[in-house]
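*Asks:*
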């Protein structure tokens, strides 16, 4: 996966529940440069749908990938502008 | 079809002959330009969405929905205003917001029957139970959600009429809370907003 894109930063929101994974992802993305990819590590199962929905409805971000494994949900979000 | 035959041309010219008060081609073109401008104006500002919430409840459970929606909408890039009135004001009160209570009476989902729930001290018991669940689950606290929302630019407004009614002071509220606003301000926000909610 990381062969397709470089991860600029990793945000660990393991343990946090709604709405914090989305809210903290937004804050972390704001601090990145355009084109950079943020990796988000979450344990909230709702983050799969929430981060997808957030990325879809928010200008300037794009969901690159989502994976689920060993109780950790990984999200990769690119800042597009 | 058939407009190139003399008969059809004659028929259409008599049927659709322009009357004297029909708009000219130039007038129609001008009207189209006008409508296109209006349409462009109406569909512009896509990145500037707004949400307006009216928060009227001050129990621990009912303090969550407006704050969760406000912080999430801010993450989506919405311009968010939350107008707090009546018991909703407790959420903005720096001291009281840390001690919001859960009512054990009148909620059939509570693990205790109403007749037991009405006993003195039961609200404290159910509130403690809920607080423990919140802590165990790593659910954000009200204070945390409020501070996060403020950081993200959510505007929290404290209804002036309720401040006076409850005999609160402007300094009782979190830094960044707007005071001195009333129903007209809330109404204006709602009229401008894409999403309006009463919680």
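Chains as they are written, first to last, in my numbering: chain A, 425 to 505; chain B, 58 to 256. Backbone N, C-alpha and C fix where the C-beta goes; we use that ideal spot for every residue, glycine too. Everything numeric in this text was worked out from a predicted model, so none of it was measured.
By the three-class DSSP mapping on this structure, what secondary structure does residue 69 of chain B have?
*Replies:* Taking the second chain and counting its residues from 1, one reaches residue 69 of chain B at position 12. Any reading at residue 69 of chain B is ruled out, since the residue's pLDDT is 49, under 50, leaving its predicted position unreliable.
*Asks:* Pull up the CB-CB distance for residue 446 of chain A and residue 475 of chain A, whole angstroms please, since I reckon it's below 8 Å.
*Replies:* As a working mapping, residue 446 of chain A is identified with position 22 in the first chain. As a working mapping, residue 475 of chain A is identified with position 51 in the first chain. Their Cβ separation, rounded to whole angstroms, is 6 Å, which keeps residue 446 of chain A and residue 475 of chain A in contact under 8 Å.
*Asks:* Is any beta-carbon of chain B found at less than 8 Å from that of residue 503 of chain A?
*Replies:* Locating residue 503 of chain A in the first chain gives position 79, counting from the first residue. False, the Cβ-Cβ gap to chain B never drops below 8 Å.
*Asks:* So which residues on chain B does residue 444 of chain A lean against when the C-beta distance must stay under 7 Å?
*Replies:* Translated into positions along the first chain, residue 444 of chain A becomes position 20. Chain B residues near residue 444 of chain A: 197.
*Asks:* Mapping DSSP to helix, strand and coil, what is residue 180 of chain B?
*Replies:* Position 123 of the second chain, counting from 1, holds the residue named residue 180 of chain B. In the structure shown, residue 180 of chain B sits in a helix (DSSP, three-state: H, G or I).
*Asks:* For chain A, is any of its Cβ atoms less than 8 Å away from the one on residue 125 of chain B?
*Replies:* By one-based count along the second chain, residue 125 of chain B stands at place 68. Judged by the 8 Å Cβ criterion, residue 125 of chain B is in contact with chain A.
*Asks:* So, does the CB of residue 496 of chain A fall closer than 8 Å to a CB anywhere in chain B?
*Replies:* Position 72 of the first chain, counted from the start, is the residue given in the question as residue 496 of chain A. Chain B, which has no Cβ nearer than 8 Å to the Cβ of residue 496 of chain A, makes this no.
*Asks:* Does the stretch 146-165 of chain B come within contact of the stretch 114-132 of chain B, defined as at least 3 CB pairs closer than 8 Å?
*Replies:* Because the criterion of three Cβ pairs below 8 Å is met, the stretch 146-165 of chain B and the stretch 114-132 of chain B touch.
*Asks:* Of all Cβ atoms in chain A, is any one closer than 8 Å to the Cβ of residue 128 of chain B?
*Replies:* On the second chain, residue 128 of chain B is found 71 positions in, with the first residue counted as 1. Interface residue, yes.
*Asks:* So does the stretch 82-94 of chain B actually touch the stretch 107-114 of chain B, counting three or more Cβ pairs closer than 8 Å?
*Replies:* Counting Cβ pairs under 8 Å, fewer than three are found: no touch.
*Asks:* What's the call for residue 434 of chain A, buried or exposed, on a 16-neighbour Cβ count within 10 Å?
*Replies:* What you label residue 434 of chain A is simply residue 10 of the first chain in a count that begins at 1. The residue in question, residue 434 of chain A, is exposed, as its Cβ has fewer than 16 Cβ neighbours within 10 Å.
*Asks:* Residues of chain B with CB closer than 7 Å to the CB of residue 481 of chain A, please, in chain order.
*Replies:* Here residue 481 of chain A refers to the residue found at position 57 of the first chain. Near residue 481 of chain A (Cβ distances below 7 Å), the residues of chain B are 133.
*Asks:* Taking only beta-carbon atoms, is residue 205 of chain B less than 8 Å away from chain A?
*Replies:* Within the second chain, residue 205 of chain B is the residue found at index 148, counting from 1. So, interface residue.
*Asks:* Can you tell which of B/217, B/201, B/222, B/213 has its C-alpha closest to the C-alpha of residue 444 of chain A?
*Replies:* Numbered from 1 along the first chain, position 20 holds the residue referred to as residue 444 of chain A. Closest by alpha carbon: B/201.
*Asks:* Which parts of the stretch 436-504 of chain A are runs of the beta strand (DSSP E), unbroken and 3 residues or longer, counting only runs that do not cross its ends?
*Replies:* Those beta strand (DSSP E) runs which fall completely within the stretch 436-504 of chain A and span 3+ residues are 461-466, 485-493, 496-503.
*Asks:* Could you tell me if residue 505 of chain A is buried or exposed, where buried requires 16 or more neighbouring beta carbons within 10 angstroms of its beta carbon?
*Replies:* Counting from 1 along the first chain, the entry for residue 505 of chain A is found at position 81. Exposed, because fewer than 16 other Cβ atoms sit within 10 Å of the Cβ of residue 505 of chain A.
*Asks:* What residue ranges within the stretch 168-247 of chain B form continuous beta strand (DSSP E) runs of no fewer than 3 residues, ordered along the chain?
*Replies:* Runs found: 212-216, 235-238.
*Asks:* Taking its Cβ as the centre, do 16 or more other Cβ atoms sit within 10 Å of residue 218 of chain B, making it buried, or is it exposed?
*Replies:* Along the second chain, read from residue 1 onward, the residue named residue 218 of chain B stands at position 161. Burial call: exposed.
*Asks:* Please go through the same chain and pick out, in chain order, the residues whose beta-carbon is closer than 8 Å to the beta-carbon of residue 254 of chain B, but skip the five residues on each side of it.
*Replies:* Within the second chain, the letter at position 197 stands for residue 254 of chain B. Result list for residue 254 of chain B: 108, 109, 110, 111, 123, 126, in chain order.
*Asks:* Quick one, which of B/93, B/166, B/245, B/149 has its alpha-carbon nearest residue 225 of chain B's?
*Replies:* Here residue 225 of chain B refers to the residue found at position 168 of the second chain. Of the candidates B/93, B/166, B/245, B/149, the one whose C-alpha sits nearest the C-alpha of residue 225 of chain B is B/149.
*Asks:* Find the residues of chain B that neighbour residue 440 of chain A, judging by a C-beta separation of less than 8 Å, and give them in chain order.
*Replies:* Taking the first residue of the first chain as position 1, residue 440 of chain A is located at position 16. Near residue 440 of chain A (Cβ distances below 8 Å), the residues of chain B are 195, 197.
*Asks:* Of all the CB atoms in chain B, is at least one closer than 8 Å to the CB of residue 447 of chain A?
*Replies:* Taking the first residue of the first chain as position 1, residue 447 of chain A is located at position 23. Yes, contact with chain B.
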